[in-house]
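Scroll down for the structure; my scribbles are underneath it.
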Amino acid sequence: MTLAERLVHDLRGAIRASDTPRVATLRMLLAAIKNKEIEERKKEIGLGEEEIFSVIQKEAKKRRDAIAEYTKGKRDDLVSNEQIELNILEEYLPKELSDEEIGRIIRDGIRELESTGRKDFGSLMKIIMPFLKGKASGDRISKLAREALLVSGV
19 MTLAERLVHD LRGAIRASDT PRVATLRMLL AAIKNKEIEE RKKEIGLGEE
69 EIFSVIQKEA KKRRDAIAEY TKGKRDDLVS NEQIELNILE EYLPKELSDE
119 EIGRIIRDGI RELESTGRKD FGSLMKIIMP FLKGKASGDR ISKLAREALL
169 VSGV
């Protein structure tokens, strides 16, 4: 079963179970996928697994950003709704790599680059992102890469 088929199947199950938050989240996600298909002009063939994962990651990032903003505004009612949606979206994402695994890939990239410090950040990101894309958030990768460059540049 492909990811797109699984989403439709899970939506049907959520409708039967009257799971309102799951129904709303899955409908929103399927609409975002349809919009991406139209944008990419792939309506007939559909999106591939990687493209669907990128849509899910984008929607999850929107929820994380909204949670941060609602927390600043002390809107706990909205935080809980966004957290529920985020939890549902994360069920469809692959497990993220640990900091140690990301660090190992970053260290390999630094060795390959023969890096000397922070000025090589852009080059390092170009090397490591193909290995890490979809396996960890860009913010987390960036933070760990900057820390590793500081340590290696000493």
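Count along the sequence shown from 1, then add 18; that gives the number in our numbering. Virtual Cβ for every residue (Gly too), placed ideally from N, Cα, C.
- Item | Proximity below 8 Å, CB of Ala86 to CB of Glu108 | No; because the gap between Cβ atoms is not below 8 Å, this pair is not in contact.
- Message: According to DSSP, is Ala35 part of a helix, a strand, or is it coil?
- Response: coil
- Could you name the residues of the same chain whose beta carbon sits closer than 8 Å to that of Ala22, not counting the 5 residues immediately before and after it, in chain order? Ile51, Gly64, Leu65, Ile70
- Query: Between which two residues does the alpha helix (DSSP H) containing Ile128 stretch?
  - Reply: 117-131
- Identify which residue in Lys80, Asp83, Lys153 has its Cα closest to the Cα of Glu119. Lys153
- Task: List the endpoints of the continuous alpha helix (DSSP H) containing Pro148.
- Result: 139-150
- Query: Taking buried to mean at least 16 other C-beta atoms within 10 Å of its own C-beta, is Val172 buried or exposed?
  - Reply: Bear in mind that the predicted position of Val172 carries a pLDDT of just 48, short of 50, making it unreliable; the figure below should be weighed with that in mind. Label assigned to Val172: exposed.
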